[in-house]
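Working notes, structure below.
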Amino acid sequence: MSQNDITRRDVVKVAGAATAAVAVSKIVGAPRIQKVRAANNQVVLGVIGTGGRGQYHLTHLNGIDTGRVAAVCDIFETNLQAAIKISKDKPQGYKDYHELLARQDIDAVLIATPLYTHFPITKDALLAGKHVFCEKSLVFKPEEVHELRALSNSRPKQVLQVGLQRRYSKFYQTAKEMIQKGILGEVTNMYAQWNRNPGWPLKQPKPGQTLEQANWRLYRKFSGGLVAELASHQIDIADWMFGAQPEFVVGVGGLDFVHDGRDVYDNIQLILKYPKGQKLTYSSICTNKHLSMFQGTRTEFGECIMGTKGTIEITVGTDKEPAIGLWYYEPGPTVEKAAAKKEIAQMAGATLASTGRGSRAMPILFDRDQVSQNDSFLQREMKFARRWLYAKGVMVPEEDQNPVDVQLESFFDCCRTGKHPLADLEIGLADSTMVILANKALDEGRRVNFNEINTMGVPTGAKTAKS
Ligand SMILES: NC(=O)c1ccc[n+]([C@@H]2O[C@H](COP(=O)([O-])OP(=O)(O)OC[C@H]3O[C@@H](n4cnc5c(N)ncnc54)[C@H](O)[C@@H]3O)[C@@H](O)[C@H]2O)c1
Numbered sequence: 002m003s004q005n006d007i008t009r010r011d012v013v014k015v016a017g018a019a020t021a022a023v024a025v026s027k028i029v030g031a032p033r034i035q036k037v038r039a040a041n042n043q044v045v046l047g048v049i050g051t052g053g054r055g056q057y058h059l060t061h062l063n064g065i066d067t068g069r070v071a072a073v074c075d076i077f078e079t080n081l082q083a084a085i086k087i088s089k090d091k092p093q094g095y096k097d098y099h100e101l102l103a104r105q106d107i108d109a110v111l112i113a114t115p116l117y118t119h120f121p122i123t124k125d126a127l128l129a130g131k132h133v134f135c136e137k138s139l140v141f142k143p144e145e146v147h148e149l150r151a152l153s154n155s156r157p158k159q160v161l162q163v164g165l166q167r168r169y170s171k172f173y174q175t176a177k178e179m180i181q182k183g184i185l186g187e188v189t190n191m192y193a194q195w196n197r198n199p200g201w202p203l204k205q206p207k208p209g210q211t212l213e214q215a216n217w218r219l220y221r222k223f224s225g226g227l228v229a230e231l232a233s234h235q236i237d238i239a240d241w242m243f244g245a246q247p248e249f250v251v252g253v254g255g256l257d258f259v260h261d262g263r264d265v266y267d268n269i270q271l272i273l274k275y276p277k278g279q280k281l282t283y284s285s286i287c288t289n290k291h292l293s294m295f296q297g298t299r300t301e302f303g304e305c306i307m308g309t310k311g312t313i314e315i316t317v318g319t320d321k322e323p324a325i326g327l328w329y330y331e332p333g334p335t336v337e338k339a340a341a342k343k344e345i346a347q348m349a350g351a352t353l354a355s356t357g358r359g360s361r362a363m364p365i366l367f368d369r370d371q372v373s374q375n376d377s378f379l380q381r382e383m384k385f386a387r388r389w390l391y392a393k394g395v396m397v398p399e400e401d402q403n404p405v406d407v408q409l410e411s412f413f414d415c416c417r418t419g420k421h422p423l424a425d426l427e428i429g430l431a432d433s434t435m436v437i438l439a440n441k442a443l444d445e446g447r448r449v450n451f452n453e454i455n456t457m458g459v460p461t462g463a464k465t466a467k468s
């Protein structure tokens with residue numbers, strides 16, 4: 002079997018989903034041009050928390066016509082005024098979110114406040130009858146996992162969506178399809194990292210802000226540290242790609258290198274074990290951002306999904322950097338033997354093994370690049386030309402939209418139609434649960450089982466959804 006056979010067969014197998022050399026999407030972050038839509042067809046939105054993430058969302062919301070920002074809220078005047086300025090919708094500003102929630106014309110809220118406030122604000126918003134989009138990590142404490150599940154389930158007509166935007170990325174969706182079609186064989190391991198240098202330097206508070214408010218991520222009373230802020234995205238990817246929730250987590254963490262008064266870890270190493278034996282190995286450190294993926298073209302974060310027949314390296318796009326999706330087939334024994342034979346022949350008796358021989362990266366392709374019977378001659382020719390250019394590295398596959406735009410549009414769509422969100426309550430709660438348990442494993446230096454959540458934060462004898 003030659004390498005060409007493998008590639009051709011795999012291409013046929015994934016027809017309609019994906020094949021894979023370097024696939025780099027264009028930068029898709031720039032907000033899109035606003036189209037005009039009748040106001041009565043728009044979801045009326047309030048944005049609570051207008052710091053870094055809230056302002057980012059507001060910029061993107063300017064390009065989405067299915068929702069309109071009627072109100073913004075922040076306890077910090079500077080960020081509130083910035084939000085009013087950013088939004089094209091001329092929203093009303095509030096310092097107290099209860100006043101925003103009291104407005105009857107507001108259908109939905111987007112919550113982008115520090116983690117420790119997610120649950121109280123989400124709870125009040127649901128009780129006020131609003132649909133909720135809440136940033137990750139959804140909740141902070143074990144009792145909030147149980148309480149939010151019960152509350153949200155008791156209000157099935159209200160949408161609850163979590164800000165796990167990778168779920169809305171065409172690259173990740175295609176990777177999942179490739180796994181489901183068996184392209185990677187049995188997926189047994191995933192490695193993920195989000196390393197930084199420096200990681201979260203201490204910010205000087207602006208006038209009107211305390212040191213703790215400016216740096217809430219660094220203190221345990223407000224934050225779940227690196228696990229909540231960074232690992233949560235990638236743990237969710239492991240749950241999705243493995244198709245399961247973890248069975249247990251072990252880990253080692255330390256506050257070893259950054260001494261600025263923070264009390265969250267500055268480095269963490271985790272292993273999550275899944276029911277069929279799959280493992281996620283995870284690293285987040287604050288002292289080096291090297292990334293051994295994507296042929297050295299990027300730093301900091303990415304995920305490597307490994308199966309018996311292949312590997313995917315993948316990372317999400319941001320406003321500044323493109324998404325990347327690379328696929329490598331696993332050289333099988335036949336290929337290795339043939340290659341070894343050739344090498345041995347060439348090297349006149351040398352016993353060089355071929356185990357180090359890798360395969361070339363190939364780009365993950367989308368549906369639009371797949372040739373179909375319905376294509377006209379010209380369409381087919383265009384597709385072949387595009388794929389040839391991808392293979393040569395001249396052109397790269399592009400995601401049509403930034404997944405952040407897709408997740409916001411999708412949220413509005415769910416609010417208007419009653420559709421169930423992709424990143425829903427249970428996905429958010431499973432993710433938050435693992436964040437809570439991983440921090441426990443780091444603190445207590447022991448294996449923490451996923452089902453321990455069933456007895457955490459519940460009065461003795463009380464039943465949870467899973468017990
Ligand atoms: N999905 C992602 O990729 C992503 C990226 C960045 C941040 N986030 C999440 O977004 C959330 C916010 O992060 P950030 O970086 O914007 O933090 P930030 O500190 O920049 O902004 C938080 C804002 O919330 C305001 N705030 C605090 N308490 C409030 C309250 N009770 N009512 C109204 N406003 C209040 C603060 O004044 C601040 O302006 C976090 O949960 C974070 O994990 C998600």
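So the working numbering is basically just the index in the sequence shown, starting at one, shifted up by 1.
Note that CB positions come from ideal geometry on N, CA and C, so glycine has one too.
Computed from a prediction, not measured in an experiment: that's the story for all the values here.
Notebook entry, point to check: Any idea if Arg448 is buried or exposed, counting beta-carbon neighbours within 10 angstroms, 16 or more meaning buried?
Noted result: Residue environment analysis places Arg448 among the exposed positions, since fewer than 16 neighbouring C-beta atoms fall within 10 angstroms of its C-beta.
Check: When we look at the beta-carbon of Asn289 and count the other beta-carbons within 10 Å, is it buried (16 or more) or exposed?
Finding: The residue in question, Asn289, is exposed, as its Cβ has fewer than 16 Cβ neighbours within 10 Å.
Item checked: Whole runs of the alpha helix (DSSP H) within the region 157–198, excluding any shorter than 4 residues -> Within the region 157–198, the alpha helix (DSSP H) runs of at least 4 residues that lie entirely inside it are, in chain order, 171–181.
Notebook entry, point to check: Considering only the beta carbon of each residue, do Leu443 and Gly262 sit closer than 8 Å?
Noted result: No, the pair does not count as a contact, with Cβ atoms beyond the cut-off.
Note to self: By alpha-carbon positions, which one of Pro143, His132, Val146, Lys441 ends up nearest to Phe413?
What the structure shows: That would be His132, whose Cα lies nearest to the Cα of Phe413.
Notebook entry, point to check: If you scan the region 197–271 from start to end, which runs of the alpha helix (DSSP H) of 4 or more residues do you find wholly inside it?
Noted result: For the alpha helix (DSSP H) assignment, the uninterrupted runs of no fewer than 4 residues enclosed by the region 197–271 are, from N- to C-terminal side, 212–215, 233–243.
Check: Helix, strand or coil for Phe141 per DSSP?
Finding: Three-state result, Phe141: coil.
Next item on the list: Provide the residue span of the alpha helix (DSSP H) that contains Val405, from first to last.
Entry: Run containing Val405: 404–418, per the alpha helix (DSSP H) assignment.
Check: When you compare each of Gly200, Cys287, Ile306 to Arg295 by their alpha carbons, which one comes out closest?
Finding: Residue 295 is actually Phe in this sequence, not Arg. Nearest option by C-alpha distance: Ile306.
Next item on the list: Could you say if the region 297–312 and the region 183–198 meet the contact criterion of at least three C-beta pairs nearer than 8 Å?
Entry: They touch, by the three-pair rule.
Checklist line | Secondary structure of Asn450, DSSP reduced to three states | finding: Three-state DSSP puts Asn450 in a strand.
Next item on the list: Using 7 Å as the cut-off, classify the Cβ of Gln205 as near or not near the heavy atoms of ligand 1, replying yes or no.
Entry: Not so, every heavy atom of ligand 1 lies at least 7 Å from the Cβ.
Notebook entry, point to check: Can you tell me whether Ser373 is buried or exposed, with buried defined as 16 or more other CB within 10 angstroms of its CB?
Noted result: It is exposed - the Cβ of Ser373 has fewer than 16 other Cβ atoms within 10 Å.
Notebook entry, point to check: Should Asp261 be counted as a contact of ligand 1 given a C-beta to heavy atom distance under 7 Å?
Noted result: Within 7 Å of the C-beta of Asp261 there is not a single heavy atom belonging to ligand 1.
Check: In three-state terms, what does DSSP make of Gln380?
Finding: Helix, per DSSP.
Checklist line | Distance CB(Ser470)-CB(Asn196) smaller than 8 Å | finding: Lying before the first or after the last residue shown, residue 470 is absent from the chain, which here runs from 2 to 468.
Notebook entry, point to check: Given a threshold of 16 other Cβ atoms within 10 Å of its Cβ, counted over all protein chains shown, does Ala103 qualify as buried or as exposed?
Noted result: Ala103 is exposed by the Cβ-count criterion.
Next item on the list: Between the Cα of Pro398 and those of Phe172, Val265, Leu46, spot the shortest distance and give me the residue it belongs to.
Entry: Closest by alpha carbon: Phe172.
Next item on the list: Spatial neighbours of Phe249 within its chain, please: CB distance less than 7 Å, with the 5 preceding and 5 following residues excluded, ordered by chain position.
Entry: Result list for Phe249: Lys274, Arg448, Val449, Asn450, Phe451, in chain order.
Margin query: Measuring alpha carbon to alpha carbon, tell me which residue in Ala83, Gln43, Cys74 is nearest His99.
Written below: Per the Cα distances, Cys74.
Next item on the list: Kindly identify the DSSP beta-bridge partner or partners of Tyr283.
Entry: BP columns for Tyr283 point to Ala193, Leu271.
Check: Is it the case that the CB of Thr298 approaches a heavy atom of ligand 1 more closely than 7 Å?
Finding: It does not: the Cβ of Thr298 is nowhere closer than 7 Å to a heavy atom of ligand 1.
Checklist line | Span of the alpha helix (DSSP H), counted from its first residue to its last, around Gly53 | finding: In the DSSP assignment, Gly53 falls within the unbroken alpha helix (DSSP H) covering 53–62.
Next item on the list: Using a threshold of 8 Å, state whether the C-beta atoms of Ala83 and Thr118 are closer than that.
Entry: In this structure, Thr118 does not lie closer than 8 Å to Ala83 by Cβ.
Check: On the premise that Leu81 lies in contact with Gly64, defined as a C-beta separation below 8 Å, what is that separation, rounded to the nearest angstrom?
Finding: Actually they do not touch by this definition, with Cβ atoms about 22 Å apart.
Note to self: Between the alpha carbons of Tyr471 and Ile238, how many angstroms are there, rounded?
What the structure shows: What the structure shows of the chain is the stretch from 2 to 468, and residue 471 is not part of that stretch, so it cannot be assessed.
Next item on the list: Have a look at Asp264 and Arg218 and give me their C-alpha separation to the nearest angstrom.
Entry: When rounded, the separation of the alpha-carbon atoms in Asp264 and Arg218 is 10 Å.
Check: Around the C-beta of Asn455, are 16 or more other C-beta atoms found within 10 angstroms, so that it is buried, or is it exposed?
Finding: The residue in question, Asn455, is buried, as its Cβ has 16 or more Cβ neighbours within 10 Å.
Notebook entry, point to check: Which residues mark the beginning and the end of the alpha helix (DSSP H) in which His119 is found?
Noted result: Annotation for His119: the continuous alpha helix (DSSP H) segment containing it runs 119–128.
Notebook entry, point to check: What are the uninterrupted segments assigned as beta strand (DSSP E) that are 3 or more residues long and contained completely in the region 61–111, given in chain order?
Noted result: Listed in chain order, the complete beta strand (DSSP E) runs (minimum 3 residues) inside the region 61–111 are 68–74, 93–95.
Next item on the list: Report, in whole angstroms, the separation of the C-beta atoms of Val70 and Leu59, which I expect to be a contact under 8 Å.
Entry: Yes, Val70 and Leu59 are in contact; Cβ-Cβ is about 7 Å, under 8 Å.
Check: If you drop the 5 nearest sequence neighbours on each side, which residues of the same chain put their C-beta closer than 8 Å to that of Asp108?
Finding: Contacts found: Val44, Val45, Leu46, Lys131, His132, Cys416.
Check: Can you list, in chain order, the residues of its chain whose CB lies under 7 Å from that of Ser170, leaving out five sequence neighbours each side?
Finding: Excluding positions up to five away in sequence, the list reads Val317, Ala324, Glu400, Pro404.
Note to self: Once DSSP output is grouped into helix, strand and coil, what is the label at Thr316?
What the structure shows: DSSP places Thr316 in strand when its eight states are reduced to three.
Notebook entry, point to check: At which residues does the beta strand (DSSP E) containing Met307 begin and terminate?
Noted result: Per DSSP, Met307 belongs to the beta strand (DSSP E) from 302–308.
Margin query: For Leu379 and Phe367, what's the separation of their Cα atoms in angstroms?
Written below: Approximately 19 Å, taken between the alpha carbons.
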